[in-house]
């Protein structure tokens, strides 16, 4: 990487991490303190947890498109200001309705697509995979950090203090953006990172991609539902709110030891098997959580620790594998659109998970909630039965000279004849050719 690319990579990853810590930090503790607000009900507490996902799902693609026209940094700054203002609204609210409005404003700062586009503007094509991997890793690290910081800090501050911390993190991210992130010479649409409305409509008929979109929807629905109920279960088992991180942290670390072999096994020869295994594992985990209430005994801390560890094993594996599969399955010149639909599905899952968990918890209790989620996992498994794992495909983006652009059909035939090339799309307006290639047979194009 060039020095400018390294700087762009770590500074954008830092912004991603700071922002996501701010969004996630209330997740492991909010259900414990939501009833402190006036007018709160389990349904409204769940809505407060998940409503940010609805706004993220609705606005991330429009914000990404807007950044093509007015500039990446302007849109990212606007999104971070939404996060800061929403956090202040939530921090100063005495009613659950105020918190819901604040969380909605937090979600309105939907800048994931704009950040990805900014990363694309600042890096060369051959470095793009490294940059995206770094930003993806920062999200995973943010989630783990939030699981620890949320319970720790709630012991020092109130829930309002966590929202004030999120507001501060948004302002810190703005400072990083304008002092450390390089400014691109120009903003250029790239089909690798940007969404296109016509392309997205076409992808909605792609059965294999839709199965992955359903999978990320289900996964984040389950994550949000679990973190509505599990903090309450730990409290009932005698684990104080400020000590629950002592359950989460070792569970995550143990899960990583299981996740890595599962990912290697899936990538080498058994992707469909690993996906189905993880969904089956999540199903059994939900039934494990439901068991104590359904059969009339109190779940202890050890019981919950075992369930949480298993949950993290399967959750983390799917979080790592699903984006890779979307990238491989997306047609040439459609990766950005495919990831846009995928991310929208992810945030909608978080919204449904939070709101649905609150409603079910108030209706049928903790055991009933986990039983329903387990049943939905079975439906998910049935939908994946028809999934056909793709070959190890990759997208190569080749910049074209003016002479190559003028060759038209001749260039297309030449690129299609290269060993390993499965599909070619020439984007004249971008001045590039997108090559979908079989990594095992592809020969580098000079």
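Numbering (the working numbering), first residue to last: 523 to 968. Virtual Cβ for every residue (Gly too), placed ideally from N, Cα, C.
> Roughly how many angstroms lie between the CA atoms of residue 585 and residue 838, to the nearest whole one?
Replying inline: 28 Å
>> Across the region 567-579 and the region 699-713, are there enough close Cβ pairs to call them in contact, namely three or more that are closer than 8 Å?
In response: no
> Looking at the structure shown, is residue 962 part of a helix, part of a strand, or coil, going by DSSP?
Replying inline: coil
> Is the number of C-beta pairs between the region 538-547 and the region 655-669 that are closer than 8 Å three or more?
Replying inline: yes
> Is the beta carbon of residue 877 less than 8 Å from the beta carbon of residue 569?
Replying inline: yes
> Who pairs with residue 915 in a beta bridge, going by DSSP?
Replying inline: 960
> Alpha carbon to alpha carbon, how far is residue 821 from residue 814?
Replying inline: 6 Å
>> Quick check on residue 955: does DSSP put it in helix, strand or coil?
In response: strand
> Are the region 855-864 and the region 713-728 touching by the rule of at least three beta carbon pairs closer than 8 Å?
Replying inline: yes
> Excluding sequence positions up to five away, which residues of its chain have a Cβ less than 6 Å from the Cβ of residue 926?
Replying inline: 933
>> The beta strand (DSSP E) that contains residue 943, what's its start and end?
In response: 943-949
> To which residues of the same chain is residue 887 closer than 8 Å at the C-beta, ignoring the five residues directly before and after it?
Replying inline: 815
> Among 710, 637 and 922, which residue has its Cα nearest to the Cα of residue 947?
Replying inline: 922
> Short check: CB of residue 751 to CB of residue 864, under 8 Å?
Replying inline: no
>> Using only CA atoms, which one of 682, 595 and 555 lies nearest to residue 615?
In response: 682
> So, are the CB atoms of residue 632 and residue 601 less than 8 Å apart?
Replying inline: yes
>> Rounded to the nearest angstrom, what separates residue 967 and residue 851 at their Cα positions?
In response: Per-residue confidence for residue 967 stands at a pLDDT of 46, beneath the threshold of 50, marking its modelled position as unreliable; the derived number appears in the next sentence. Distance between the alpha carbons of residue 967 and residue 851 is about 22 Å.
> Leaving out the 5 sequence neighbours to the left and right, which residues in its chain are closer than 6 Å to residue 892 when beta-carbon positions are compared?
Replying inline: 808, 811 and 812
> Excluding five sequence neighbours on each side, which residues of the same chain lie with their C-beta closer than 6 Å to the C-beta of residue 873?
Replying inline: 572, 575 and 576
> Quick one, which of 801, 952, 836 and 536 has its alpha-carbon nearest residue 897's?
Replying inline: 801
>> Checking the sheet assignment: what are the DSSP bridge partners for residue 660?
In response: In the DSSP output, where bridge partners are listed per residue, residue 660 has none listed.
> Under the DSSP definition of a beta bridge, which residues are partnered with residue 920?
Replying inline: 955
> Which runs of the beta strand (DSSP E) spanning at least 3 residues fall entirely within the region 822-873, listed in chain order?
Replying inline: none
> To the nearest angstrom, how far is it from the Cα of residue 952 to the Cα of residue 660?
Replying inline: 29 Å
> Can you tell me whether residue 938 is buried or exposed, with buried defined as 16 or more other CB within 10 angstroms of its CB?
Replying inline: exposed
> CB-CB under 6 Å to residue 945, same chain, minus the five flanking residues each way: which ones, in chain order?
Replying inline: 854 and 958
>> Let me check understanding here. Comparing Cα to Cα, which of 789, 823 and 754 lies closest to residue 880?
In response: 754
> Alpha carbon to alpha carbon, how far is residue 789 from residue 558?
Replying inline: 47 Å
>> Please classify residue 578 as buried or exposed, where buried requires at least 16 neighbouring CB atoms within 10 angstroms.
In response: buried
> Taking Cβ to Cβ, would you say residue 606 is nearer than 8 Å to residue 668?
Replying inline: no
> Where residue 581 and residue 603 are concerned, what is the direct C-alpha to C-alpha distance, given to the nearest angstrom?
Replying inline: 15 Å
>> Assuming contact is defined by CB atoms lying nearer than 8 Å, are residue 870 and residue 756 in contact in what I supplied?
In response: no
> Can you tell which of 931, 793 and 960 has its C-alpha closest to the C-alpha of residue 950?
Replying inline: 931
> Which residue from 534, 548 and 710 puts its Cα closest to that of residue 675?
Replying inline: 548
> Got a sec? Which residues, its chain only, sit under 7 Å from residue 507 by beta carbon, not counting five neighbours each side?
Replying inline: Shown here, the chain extends from 523 to 968; a query on residue 507 therefore has no answer.
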